[in-house]
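Read through the structure below, which is laid out as structure tokens, and then see the notes.
Structure (structure tokens):
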């Protein structure tokens, strides 16, 4: 399926990547119909529009839209998803028209799928943790042994070499097999659930590369997390399950046909994304709320329950793994990778006097978050240029970052003095620790002393977080160590995210944020009466909220991480402040990435100026809609399918001479199925929706000249009830309708019809309703926007 | 505002309460236009419809809709709410058209309101708890003293007398001042958020009666909870805050005008409902999810965060009260009323072997829940007949239930033998307890013995729940005591809910369910390896899920109550089973009540048969839509407003002779404002939406004959962009559009327009799209429904 799409995209003239930034373009884009829309328009658009009270807006360009976006690091053709229920006679699209047995099969399968998604996500997350902990543990043990033997250079070479090798595995897999597996994948999931289908995103190669790549990348000690990739892994699993597998190896089980539609796949991918978050943080409710708040565009009560079922399954699986590993049967694993933070035993008390320093933490967190977003945006633009130079450039970039990381992690601990264990207070029972985990790493220090920076740098990222979050350890870390830690992780966080390995944003930001929180606690020591570990949590929350702008889900994730309800109000307070401060500067990091990739995401709220323009004006700025007659020649249909990339075609009817009516909308996929099955004399046979979805190219069709001269009766294939708007409808309200009803096409009908007037003004799609594209065609609206 | 509405309702001919059950009614309902729709229809409906492929459905009756519903115990006229953004020139409806300062004021106020709703709900909930605990404590102390003195009859008379008095206060307040304050109020909130405005529901009298009545009713020992009423209290607070107060005492602060619209009030009432649940169970996340899953129809990410802010405020307030009361400064209060259950210290372990008994608990819970719904439905129907007989009948019913309750609570403990404290195991340190709270009530037993049934019955409902939930007390309760407890609470729960006092459903079901869980644990003792207190929790969850059919929110509420993440999977398992079993029999209890009250709730999914009927057919079954010309005589407008109760009127335009176009939709409220301000020659002045919302009767207008002869230009008042559907649109998709876009009116336009054809086929409202009403007009569809 994905291959098919990219083939089609390749056949079209290339256009520049990302959304078109120029405003004064007129039909340069090859995707568009080359006819001049103003001279060949259906001629009725102006008719209805002129009856509007306000003067016509001056239009300076045609409404053009790029159907290309950056997927992974590659410019690809993207498609919209169709969540509308298509009502026609021949293709069953609605499960409610099924028999009772089929409905039961469907319901059973829906729950079984949700369970499987949770189960597999949980198992894979556990195995990833196991692998990372063991690889990192072995690496660290050997390195520390070399350091203890004072063979510093050998230690460095060993450390950097192993890291380089692990990075190479991750990056090479990404570059060669699945470029879309790089990065977190969350923006693409968000776009998918908004209705944008990105090719090669949720397949088996992506899944495998993401798993192996994530293990390699995280084990190599780079400043990235497995949390974002886990969300993508959950989504991949959901997609593969709903399809019954990938490509040629796909299961052809009859029950699975129910899932071969965009609506059910969307729901399952939502379950997958929640399961991923849940697996990352062991936060079942947080996972559901993450999907609800950040990822999903459409939400239903029923989905809430199914998502929760998936995340609960994940929690049970993780719990089982922890039980199994408690006895040390999992190597270096222990309970390590799964329990990030536990303060449930700590009694937290805070008073009104704590409000001021906590507010400060929130405000600064918001500022840092916004700054981080800004700088990361610039770095990603630069990296896009580098990555565009080909596979070797991508690989080189990843390896360079790996060497830089190794150098930083290995060398910096030598810069700080050793701390005597006695300074660490009561918590120092096991001080110093030599080996894979523990709060007080000895590293290069004599017995009785520990290196606090090594405790943070020579561990997995999860371990480091646990160390820095640990409570009752106010004196453990020196201010200069924390400042070095913060600085190196700021730099590494910015440099690492854009490279071609699976990487998550959660953990880098948590690490930075927790260091920032500890620093704040040390600086404000005089006013601080809360535990420094809690300050680390609050700092992490502030920076996350300042950068990602999620609030409820973060709050619940932290609630479930800390397992302490008493922390809720103060966490919420910090999150709210940081989000407010951050929002004053720039959008959230995911929105920045979405925009950078050129994914046509529909925002929940229409822009203010959208109420000043009518959909009829948009339609007039587009090429004439390609329509079909309700009984149409085969050759015309083939020609239309060949010459346009459109996905839906309005079908017109002429019940009486001179009268033209809108009969409905017919989908490309249905036309293709009809052509392939040669239903040229309509045979009344029901076809399942999935039969129409098996895509093939129109060029593969071998039709004889006789066949081309025959007619197709489109009556049984046409969706006779498409959503329509009158041409005077404001774009603001049309956008609301488009988004809330999850449409792919919106037909515009004239205000007054009459004889010999086309019953259709135009057809709008997602791209036409995006603020950026509309402003391209109507630049005057942008001025209005500024005046407001 | 509410007074206005009921006046209008009273002026109309009375119709029977609830939805019209007869199918073959033709224009009996005085609310409808008396003209025969078939002879005077605009004559175009059939035109477009005949072009449909399928044959016309035989219609046997006119599509009629009752605008009456049972609110409280009174039949009232109900209105729909308008959540659509009205775009016209003169009434600002959209905050985005405001200035920057106004936007900031609005945002500040929105958050301040959310905070205030949380704060006040928290304070009121704490005070209610305080009052209930103290009143019940004093009552119990005196009663127990009398029993210890063996003055059994005096004890009974005292106990029953005090209960009767408390019930009298609650019921009299309800009956005289606020009939709508009876019951939980949750169904009405659910209907409100679905777009149904019930009069006199969220005002100051309701708030006060609900608070005082709830204290009285719960203190009187009746089998009802304060949880449902707290949700209603939160919603009342939200509504009053958004209006700036009630009726004449309303604040006229300029900032508040932003909230004088249905959208913002809806959002705030959602916050109020979540705060109520949070205050009831001290479950901030559970409260939000309750609103999301059970109460709200429309949801946005932004609302998630605001709701959570409210509930977090509630938690802080509750926490503060607990801190204050910890030192015993609150009389008998202690921590009692607020902490229902705490097993966070208990280590829970369960194995695969526990799955079978737990499954059984779930299945039986679902069956019991469905049975409870069924019987409660019958009881409520009977009670409606009694309550309809007037105030005295309502009062008598409430008092009778109170006497019955007192008799049961007082007398039944005498029926069980005393249990030696030694049997209670390690938990019996304080055994027996004499007085207000404690697990082992001595009551009529000698020293060293306790009466286990008295422990459950002689306490507030919250205390009883805590006792029955308590862990490590497997031997505390005898099987016969639990059976008696379960039986009496089944009977009382069914009899108590419908009486005229504020009553919640949560606690009665929790009590029944926990008893059921303990009984199950005792019966299955051989297979049970989990603590019996946990079985009580699981039993309560199963019965709640079986009756209320909520799942995620219940699960999270129990999670937050037990503060133990380990219980999550097993709770979820039980909830899922119970819900599935219950759904096989009947709808949830709230849906039953909604239906019983005749509230026109729009279900999330359209019925299967709705795709077989077009909106044009619905419109043809209705009286002709009342339209206005775009420049209309004042007298016509006045006549139309007087003679019809409609809320919106399509406005037609005649730009050229013979051509009639749909210009838009004008609202009754806007017409009224125009008439009152005598803008007969259009004066270009912006009016705030709230100015139009100040309702007055059209009969109050004093217009001179000259004025009546003048014209109104409706151009600036008309919403030129109403949502329209083509007459061939299937009802299924129209319902989806109507619900997702939260419409109040949906205009139907003809498929083909042409000269001299009306540009409007009809106008559909919420009532016309309800399955029940459509089936009344098209009974053949019901047969189709069965065939499927």
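Residue numbers (full-length UniProt numbering), protein chains in the order written: chain A, 1 to 788; chain B, 1 to 788.
All residues carry an ideal CB built from backbone N, CA and C; glycine is no exception.
Note that the structure is a prediction, hence the values are computed from the model and not measured.
Nearest-angstrom Cα distance between residue i and residue j?
{"i": "residue 417 of chain B", "j": "residue 147 of chain B", "result": "16 Å"}
{"i": "residue 184 of chain B", "j": "residue 502 of chain B", "result": "6 Å"}
{"i": "residue 470 of chain B", "j": "residue 525 of chain B", "result": "17 Å"}
{"i": "residue 310 of chain A", "j": "residue 110 of chain A", "result": "11 Å"}
{"i": "residue 485 of chain B", "j": "residue 561 of chain A", "result": "40 Å"}
{"i": "residue 774 of chain A", "j": "residue 727 of chain A", "result": "16 Å"}
{"i": "residue 322 of chain B", "j": "residue 158 of chain B", "result": "31 Å"}
{"i": "residue 622 of chain B", "j": "residue 677 of chain B", "result": "33 Å"}
{"i": "residue 215 of chain B", "j": "residue 139 of chain B", "result": "14 Å"}
{"i": "residue 113 of chain B", "j": "residue 304 of chain B", "result": "15 Å"}
{"i": "residue 136 of chain A", "j": "residue 376 of chain A", "result": "27 Å"}
{"i": "residue 634 of chain A", "j": "residue 664 of chain A", "result": "19 Å"}
{"i": "residue 702 of chain A", "j": "residue 723 of chain A", "result": "34 Å"}
{"i": "residue 50 of chain B", "j": "residue 735 of chain B", "result": "Reliability fails at residue 50 of chain B, whose pLDDT of 34 lies under 50, so the model's placement of it is uncertain and no value is given."}
{"i": "residue 744 of chain A", "j": "residue 237 of chain A", "result": "25 Å"}
{"i": "residue 742 of chain B", "j": "residue 641 of chain B", "result": "24 Å"}
For residue i, which beta-bridge partners are listed by DSSP?
{"i": "residue 77 of chain A", "result": "A:68"}
{"i": "residue 746 of chain B", "result": "B:764"}
{"i": "residue 751 of chain B", "result": "Looking at the DSSP assignment, residue 751 of chain B forms no beta bridge with any residue, so it has no partner."}
{"i": "residue 210 of chain B", "result": "DSSP lists no partner for residue 210 of chain B."}
{"i": "residue 629 of chain B", "result": "B:652"}
{"i": "residue 386 of chain A", "result": "Residue 386 of chain A is not bridged to any residue."}
{"i": "residue 662 of chain B", "result": "B:652"}
If you drop the 5 nearest sequence neighbours on each side, which residues of the same chain put their C-beta closer than 8 Å to that of residue i?
{"i": "residue 198 of chain A", "result": "69, 71, 76, 78, 180, 188, 191, 192, 599"}
{"i": "residue 240 of chain B", "result": "202, 203, 204, 207, 246"}
Is it the case that the Cβ atoms of residue i and residue j are separated by a distance below 7 Å?
{"i": "residue 463 of chain B", "j": "residue 419 of chain B", "result": "no"}
{"i": "residue 489 of chain A", "j": "residue 82 of chain A", "result": "no"}
{"i": "residue 281 of chain A", "j": "residue 235 of chain A", "result": "no"}
{"i": "residue 134 of chain B", "j": "residue 221 of chain B", "result": "no"}
{"i": "residue 577 of chain A", "j": "residue 363 of chain A", "result": "yes"}
{"i": "residue 643 of chain B", "j": "residue 87 of chain A", "result": "no"}
Flag residue i as yes when its Cβ comes closer than 6 Å to any non-hydrogen atom of the ligand MN, and as no otherwise.
{"i": "residue 519 of chain A", "result": "Annotation note on the ligand MN: not contained in the displayed structure, which lists no ligands."}
Give every residue of the same chain whose Cβ lies closer than 7 Å to the Cβ of residue i, excluding the five residues on either side of it in the sequence, and list them in chain order.
{"i": "residue 274 of chain A", "result": "287, 288, 290, 291, 307, 310, 311"}
{"i": "residue 549 of chain B", "result": "579, 582, 583, 588"}
Which residues in the same chain have their Cβ closer than 6 Å to the Cβ of residue i, if we skip the five residues on either side of it in sequence?
{"i": "residue 555 of chain B", "result": "571, 572, 575"}
{"i": "residue 636 of chain B", "result": "none"}
{"i": "residue 495 of chain A", "result": "401"}
{"i": "residue 527 of chain B", "result": "357"}
Residues in the stretch 539-559 of chain B having any Cβ partner in chain A nearer than 8 Å | Correct list: 551, 552, 555, 556, 559.
Pull out every residue of the stretch 733-766 of chain A whose Cβ sits closer than 8 Å to any Cβ of chain B, in chain order.
-> Cβ contacts with chain B: 733, 736, 737, 740, 741, 749, 751, 752, 753, 754, 755, 759.
Of all the residues that make up the stretch 571-587 of chain B, which are near chain A by a beta-carbon distance shorter than 8 Å?
-> Within the stretch 571-587 of chain B, the qualifying residues are 572, 576.
When you check each C-beta in the stretch 311-324 of chain B against every C-beta of chain A, which residues fall closer than 7 Å?
-> Cβ contacts with chain A: 312, 315, 316.
Relative to chain A, which residues along the stretch 277-288 of chain B have a C-beta separation below 8 Å, given in chain order?
-> When C-beta distances to chain A are compared with 8 Å, the residues of the stretch 277-288 of chain B below that value are 284, 285, 288, in chain order.
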